[in-house]
Amino acid sequence: MTNLDDALQDLSEAVQQRLVVLDEGMRVIAYSIHESEPDRARLSHLLAHSDTRQAPAAGTDGVGTHTASDGTQWVLHPLRDDRHRVGHLLHVRAKGVPSPPEDVLTEGAAQLGVLLSLRTMYAERDAARARGLLTELLGEHSTEIGRASAARALVDEELVGSAGQYCAVVLAVPPGHPGGDWEARRAVDATLDFVSRTSTATVVGGVVEGLGVPVFPRPVVQDRLERVLGAPGLAHVRAGIGGVVDDLLSVATSHEQARRARRAACLDPLTHPRVTEWSGLGIDKLLLALPPGPARPRRPARAGHPAHRVGPPRGRRADARGLPRRGRGRAGERRRPGHPPLDVVLPAHPDPGDDPGRPRRRSSAPRPAHGAAGRPSRRAAQRLSDPGRIPRSTVGS
30 MTNLDDALQD LSEAVQQRLV VLDEGMRVIA YSIHESEPDR ARLSHLLAHS DTRQAPAAGT
90 DGVGTHTASD GTQWVLHPLR DDRHRVGHLL HVRAKGVPSP PEDVLTEGAA QLGVLLSLRT
150 MYAERDAARA RGLLTELLGE HSTEIGRASA ARALVDEELV GSAGQYCAVV LAVPPGHPGG
210 DWEARRAVDA TLDFVSRTST ATVVGGVVEG LGVPVFPRPV VQDRLERVLG APGLAHVRAG
270 IGGVVDDLLS VATSHEQARR ARRAACLDPL THPRVTEWSG LGIDKLLLAL PPGPARPRRP
330 ARAGHPAHRV GPPRGRRADA RGLPRRGRGR AGERRRPGHP PLDVVLPAHP DPGDDPGRPR
390 RRSSAPRPAH GAAGRPSRRA AQRLSDPGRI PRSTVGS
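The opening residue of the sequence shown carries number 30 in our numbering; numbering runs sequentially from there.
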C-alpha cells in the first residue's frame, strides 16, 4: 500500500501544486517537494508556525479559502476517513493561477484521509509502546534484566535513534503546583514535536513516575530547550538536563542527574535557570545527593536528661491540665509562635560571677533560702520576721 508521503507527492504532480498535510491540531505532518524560492519560503513559514493556527470548527466539512492582501489564496481541504475528519490538505495558489482539477483533488484527498488515519493510529500505538518501554528502562523498581530488554527493544523497533551517546531530560512543574502530570505530558509533546519539525533525530519521550522524560540520541542544547518551553501553557515547567552517557542502558544515570538538576531549578530559581544542566551545578551536586528532609532522625533523650523531664519546664507555671501556660514569658516578653520559651534557652538561676554574655548551665539543685555564708536571705528574713505577712502576688508582673 502506498504510504502518505508518496501519495502526497503523486497528487502534487497531478495537480501541479505544492501540497501540505496538516493534522487536526494544524501541525505539519507531510509536504510535497517545494522547489522554487517562494515555495520554500511559504513552507518555512508553515513549519515555523505549526500548531499556532486556529483549526476549523468541528462539523465544518467544506473547503475553506483565505485570500491574502497580495491576492494569494490559501485553500484548505478536509481529509476524512470512514468516520470523521482527521486532518487537512493545504495548497497555496498565487494570484492569476487557475484552480487545479476539482475531481482529481477530491479523489486524492479521499486517499490521503485514509492514509493519514492509519499513520495516526500507528503513531499512537508506537507512542504507547515507547512509554511502556521507557518506564521499564527508567522506573525506580525496574530490574537490570528489564532495563536491558527495554533498551534493546527501543533501538530495534526504531522508537529511538541508534547512537553512541544519549542524554535524558526531565520536565515538570515545581512540587505542589496544580496540573503536574498534564503539564509534564504537554511539555514532552511540545519537545517531541519541535524535534520532529527541526531535526532528523528520533527522540523517545513519555511521563515516568509523574515526570516528563524525553531521551535524546545526542547532547541537548540548553537554549533550544528553553525556546521549546516558551510555548503557551508551559510557563511553569522547569527542566533538568542530565549528562551524556555512552549507551541507552546507561541512560538511567543521565535520568537521575536530570532529576537532580530540575530539583535545583525548583528549589533555588534565583541561582539556577529554568533549564538547568547537571554539568553546571558545581558544588550543589553534593547537596542534591542528600535525601530530602532532616539529615538524621532525632535520638530519644536519655533518662535524667533535661529533655526527658516530665511536666512543664522549670521556671514556668502549669495550667489546670498540667500543661505549660502559653502567652508571655517570665519577663513579660511575648514569644512568637514556633520559638522556644525563654526559660528553655536561658538559665533559671545564673551562677554568681559568671560572664553574663556566656551561656550558663542550668542547675538541677533547688535554690537555697540562705545566703552564701549560711545567713538567711533578705526575703527569707522578712518572712521569718513577719509570719502573717501576705506575699506579694506575681500575677501580671
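The beta-carbon is built from N, C-alpha and C at its ideal position, and this holds for glycine as well.
All figures in this text were calculated on a predicted structure; none of them were measured in a lab.
Exposure label - residue i; buried when at least 16 CB within 10 Å
i	result
A197	buried
D35	exposed
D384	The pLDDT assigned to D384 is 45, lower than 50, so where the model puts this residue is not dependable; a value taken from the coordinates is nonetheless given after this. Exposed.
G259	exposed
P416	With a pLDDT of 49 at P416, under the threshold of 50, the modelled position of this residue cannot be trusted; read the value that follows with caution. Looking at its Cβ environment, which holds fewer than 16 other Cβ atoms inside 10 Å, P416 is exposed.
H284	buried
H170	exposed
P207	exposed
G137	buried
P246	buried
H95	exposed
P369	Note on P369: pLDDT 42, under 50, position unreliable in the model; the coordinate value appears next. Counting Cβ neighbours within 10 Å, P369 comes out exposed, since fewer than 16 surround it.
L162	buried
Integer-rounded CB distance, given that residue j should sit under 8 Å from residue i
i	j	result
L240	A213	6 Å
V280	L166	7 Å
V202	G209	6 Å
L108	R114	7 Å
G269	R291	3 Å
A294	D313	That belief does not hold up - the Cβ atoms of A294 and D313 are roughly 11 Å apart, past 8 Å.
D110	G193	About 41 Å separates the two Cβ atoms, so there is no contact after all.
T231	G205	Rounded, the Cβ-Cβ distance is 35 Å, inconsistent with contact.
L278	A177	6 Å
R215	V57	Going by Cβ atoms, the distance from R215 to V57 rounds to 19 Å, so no, they are not a contact pair.
V199	V257	14 Å between Cβ atoms; not a contact.
Residue of the options minimising C-alpha distance to residue i
i	options	result
Y151	A281, N32, V273, G309	N32
M55	D185, L76, A70	L76
E306	L296, V280, G272	G272
T164	I174, E173, A179	A179
L134	C295, A43, R256, P85	A43
E255	T227, P127, T220	T220
A123	A97, D110, R112, L315	A97
L40	G93, P67, P129	P129
Y60	L37, F245, G309	L37
P127	T101, S146, L145	T101
D155	T227, D99, A182	A182
S228	P67, R160, R253	R253
Q286	E131, D132, L310	L310
L317	V244, A159, R288	R288
T149	R158, L319, D52, L299	D52
R160	T172, V244, D185, V224	V244
Exercise. What are the complete beta strand (DSSP E) segments, minimum 3 residues, inside the stretch 122-194?
Worked result: Correct list: empty.
Exercise. Is there contact here, the stretch 34-48 with the stretch 104-123, by at least three beta-carbon pairs under 8 Å?
Worked result: Enough Cβ pairs lie closer than 8 Å, so yes.
Exercise. Taking three-plus beta-carbon pairs below 8 Å as touching, is the stretch 258-267 in contact with the stretch 227-237?
Worked result: Short answer: they don't touch.
Exercise. Which runs of the alpha helix (DSSP H) fall wholly inside the stretch 190-262 and span at least 4 residues, in chain order?
Worked result: Runs found: 209-227, 251-257.
For this session: Decide yes or no for the touch test of the stretch 66-76 against the stretch 134-142: beta carbon pairs closer than 8 Å, at least 3 of them.
Result: Short answer: they don't touch.
Problem set entry | Contained alpha helix (DSSP H) runs [length at least 4] in the stretch 287-323, N- to C-terminal order | Whole alpha helix (DSSP H) segments, 4+ residues: 313-317.
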